[in-house]
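Protein chains in written order, with the working numbering: chain E, 1 to 262; chain P, 263 to 1110.
Positions of the beta carbon are idealized from the N, C-alpha and C atoms, including for glycine.
For reference, the structure is listed below as structure tokens.
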């Protein structure tokens, strides 16, 4: 079932401009900045208030005199304690901030999860993690240890692992998904600037984890087409091997971290 | 404030004076008031003690040792991270360091440190003489210590576990982490969980059953409340972890294939099992810190906590919700958007009660007389750190952001702000209770120096991690541009580490020649531990503590507490009228009560060797060569010691605290031992629940209908069902016979029960043997793995039951249980439970 089918109410705000749009990196940055600014404000206010109270009500010894305040005594039974209303108000305020913020990002989540479907022109590439590297399998069966993609086109990745639990991420495109043996996860990204980037493993996977990287090359569309046309599946050996692995993963569940299963 | 340590002139209260804290036990009344314990100065005392205060000190000191252990590992990492690339550690060495740092800090430091205080303070706060089962308490400690030592040994067995503290599958199986030490580390965790389970049963029984008169649940001090909720969470969460670890151990030692790459859904199975434990664990380690904060905020501001009942309600809510948020650790696995949405909502839901608690603490300072003594500096600082940790946690609650933060230093920084923020509060607790535990005052100036260094070091260590958040976790390679932040963090790490040197110097020095502490060194403290001398006498209280009058009195004793709170000398009222003696030796009135037992220690030594021996197993057999023989010998020797100490335990004359107790809601009618059995069974329900859940998960992943049942023939299973059902019936007959005082009836019924149990095992043995002959082995595939391991776990329960039944029979032969049939009743509870479990296993594994 299409996940959006359950969330028709969320479609409207997606088009209203309220929710950040664009590539995953832009969405991430927009939300991150808002969180950072609000988080800093809340933190400064709350901690500042705490410090202010700590200073204002510091014990000044005899200078305080008798303040007539009922202080706790040894051996007394604790009471329920007042202040319920003040606490409730504070809670309400903080809950309001948190819930609105999270709800707002939820629209972006739904957007990220459904984006790839809206574009038929996606490029599908399979990714297989192994100790300790990545292999990219193109629709024509060609395999490569560098992820080559054209600029300005949505790339959809179907990620799995041949051995242990890995996690495939390209920090520059704010894209990440788990690579699980026997299962596949899907994700997407949209590179909009040519250049060389780095993909990394984000889950501890053994001795070579620290260096489990792969190059990601974002090419001019023409250059990419040229490169792609020249590739063949003549490295059939590895192609077949990966085919078998993919078949093992066949009846496993498929899910999406940033896009939708086909 | 006055000095509260007025020694009682007559007996019943071993009057410790402030000047001579240890004099009590060295004096002439060693036989009556020392409870059979050697004096403090004697090394032997620490091996045989079962007193909650001694055990509390042992926990605290041992936990601090593991703090240093884990801290040194952390500094090793920080040195490695001073510049990108490998320097001091090998790649696998780095992974081992990362893994054991996490395991040690989370398991062997954080909770045990808190439980040092819990052991020492909770019985005092609730007005109990000791925990319900003092020997089990000592056992918890020794199992904890030896599990930690076992982890230490694992470093020398070809390298310890290197798959991270989360132990993700399938990196956690021998295919990818083949060293024997890796198995030992997992077994060390199993032993640790055993310690936690014993401790949970003990604390829950104590806190529910043994409170002073007038101390109802809602009037419990907040620290006690946090421990109560922590222990409830522990009981269930650690049972799930035990299931996960047993399955993992079985994969590592016996060759089952739950987590093998070929196993359907093995990776995800582990994440479910681990995080179902792992998220409650976050609150398990944090709640005690919250309790310390609440206590010290009240004491050092001189204000009662604002909205106390809402604070408690918020914690109860968190404790419940903690079991429904685990999948937020799995947002990038193959779970779908609907589940992500649900878990995003529960995650936000669980963060809100914490907002309330934070506000409650802040508002408590208003109109206070705030004194920034060392304990309060630490807990006040802890609240600041927790606020930062909480705000950065909200970032992770937004799934779109979480996608990117997953596996990065944002997570590392966030949870260190929260967890080490909790440690900060616990350090405050150490300074707060140090005078109580030692009778000596720490040096205030050095305490403040410690705090300043600590707070600077902490923030210098963890804050740059937020800035350098794009660094992947658990790597030693990172972009050059981030070098400066990692260098700052390394410097901060060393400052943080150095601050502890100040603390250790301060506390050791104070212990030797510190100023004597009064019974209550803090103005405005309210809880009962401050109403008695520092350190408290072995008996704790000068009389029976009671809150009947609305505040703390000690009834029956002649000792007065401070400030003229003189007891009214009233008689102790046996409220619930069930003055049962839990010990069987109550009749020996003239015999001095002994509270010394060496068996908890010996038993733990035995368990240590058993587990060390088992670590030599691979694929169901010991490693080849001499090493294998040594491992086998270790296991056998350990097993003998363990069995011997069980017998020693059973035969020893030992006095557990007996009633009547003041408040026992909601278990007035359930005697201590019975409640202990019930609580243990509750954790066993979770254990089997996790095993059955695992089976269902694996079977669904593999395709439910295509799943072939392992036993081709359901008849042996059916026979066993009848055998077990009948044996449950004969246990009831034994109970009835005991009530009718029929010795032969008891003997005959118990014998029949044992024979039926043996019949069950023989029948199962024949069935398994038949399967083995058909070439069906435990390691054949995931179907056979689930069958043999789950029914095998059940069979192990049957075996344990039979061992107890044989013990009961031996005693029944000599005429026991005719006056007191409760042991038979409690054995029956266990036996019926094992029976009921089979009623679930039989259809699942033989029919469906």
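Report the neighbours of residue i on chain E: residues whose CB is nearer than 8 Å to its CB, in chain order.
i	result
residue 790 of chain P	75
residue 656 of chain P	35, 39, 98, 101, 102
Do you know how far the Cα of residue j is from the Cα of residue i?
i	j	result
residue 1064 of chain P	residue 480 of chain P	42 Å
residue 547 of chain P	residue 492 of chain P	8 Å
residue 844 of chain P	residue 1015 of chain P	Annotation note: pLDDT 36 at residue 844 of chain P (below 50); position unreliable, no value reported.
residue 977 of chain P	residue 1100 of chain P	14 Å
residue 1011 of chain P	residue 1004 of chain P	11 Å
residue 741 of chain P	residue 487 of chain P	46 Å
residue 708 of chain P	residue 404 of chain P	33 Å
residue 1103 of chain P	residue 971 of chain P	12 Å
residue 307 of chain P	residue 413 of chain P	26 Å
residue 39 of chain E	residue 1105 of chain P	54 Å
residue 651 of chain P	residue 676 of chain P	5 Å
residue 376 of chain P	residue 104 of chain E	39 Å
residue 517 of chain P	residue 882 of chain P	6 Å
residue 930 of chain P	residue 1090 of chain P	21 Å
residue 206 of chain P	residue 527 of chain P	As shown, chain P starts at 263 and ends at 1110. That puts residue 206 of chain P outside it, with no answer to give.
residue 436 of chain P	residue 869 of chain P	23 Å
residue 856 of chain P	residue 914 of chain P	10 Å
residue 799 of chain P	residue 864 of chain P	27 Å
residue 1111 of chain P	residue 471 of chain P	Given a span of 263 to 1110 for chain P in the structure shown, any question on residue 1111 of chain P remains unanswerable.
residue 900 of chain P	residue 871 of chain P	5 Å
Answer yes or no: does any C-beta atom of chain E fall closer than 8 Å to that of residue i?
i	result
residue 403 of chain P	no
residue 1043 of chain P	no
residue 622 of chain P	yes
residue 810 of chain P	no
residue 670 of chain P	yes
residue 430 of chain P	yes
residue 817 of chain P	no
residue 254 of chain P	Because chain P in this structure spans residues 263 to 1110, residue 254 of chain P falls outside the shown range and cannot be described.
residue 560 of chain P	yes
residue 572 of chain P	yes
residue 421 of chain P	no
Please check if any C-beta of chain P sits within less than 8 Å of the C-beta of residue i.
i	result
residue 170 of chain E	no
residue 140 of chain E	no
residue 37 of chain E	no
residue 71 of chain E	yes
residue 105 of chain E	yes
residue 223 of chain E	no
If contacts are defined as beta-carbon pairs under 8 Å, then residue i and residue j qualify, I think. What distance do you get, rounded to the angstrom?
i	j	result
residue 464 of chain P	residue 402 of chain P	7 Å
residue 1097 of chain P	residue 987 of chain P	7 Å
residue 859 of chain P	residue 397 of chain P	5 Å
With 16 other CB atoms within 10 Å as the buried threshold, where does residue i fall?
i	result
residue 540 of chain P	buried
residue 106 of chain E	buried
residue 293 of chain P	Because residue 293 of chain P sits at a pLDDT of 39, beneath the cut-off of 50, its placement in the model cannot be relied upon, and the following sentence gives the value as read from the coordinates. Exposed, by the Cβ-count rule.
residue 179 of chain E	buried
residue 1002 of chain P	exposed
residue 738 of chain P	buried
residue 631 of chain P	buried
residue 56 of chain E	exposed
Residues of chain P with a CB under 8 Å from the CB of residue i: which are they?
i	result
residue 42 of chain E	653
residue 87 of chain E	568, 569, 572, 618, 621, 622, 625
residue 49 of chain E	624
Note down, in chain order, every chain E residue with its Cβ under 7 Å from the Cβ of residue i.
i	result
residue 650 of chain P	43
residue 739 of chain P	210, 211
residue 1105 of chain P	Residues of chain E passing the Cβ test: none, with the nearest at roughly 26 Å.
Could you tell me which chain P residues have their CB closer than 7 Å to the CB of residue i, listed as they occur along the chain?
i	result
residue 59 of chain E	631, 632, 633
residue 112 of chain E	662
Given that residue i touches chain P, what residues does it touch there, using C-beta distances under 9 Å?
i	result
residue 272 of chain E	Residue 272 of chain E is absent from the model: chain E starts at 1 and stops at 262.
- Contacting positions in the stretch 607 to 637 of chain P - beta carbon closer than 8 Å to chain B: Looking for chain B here will not work: the only protein chains present are E and P.
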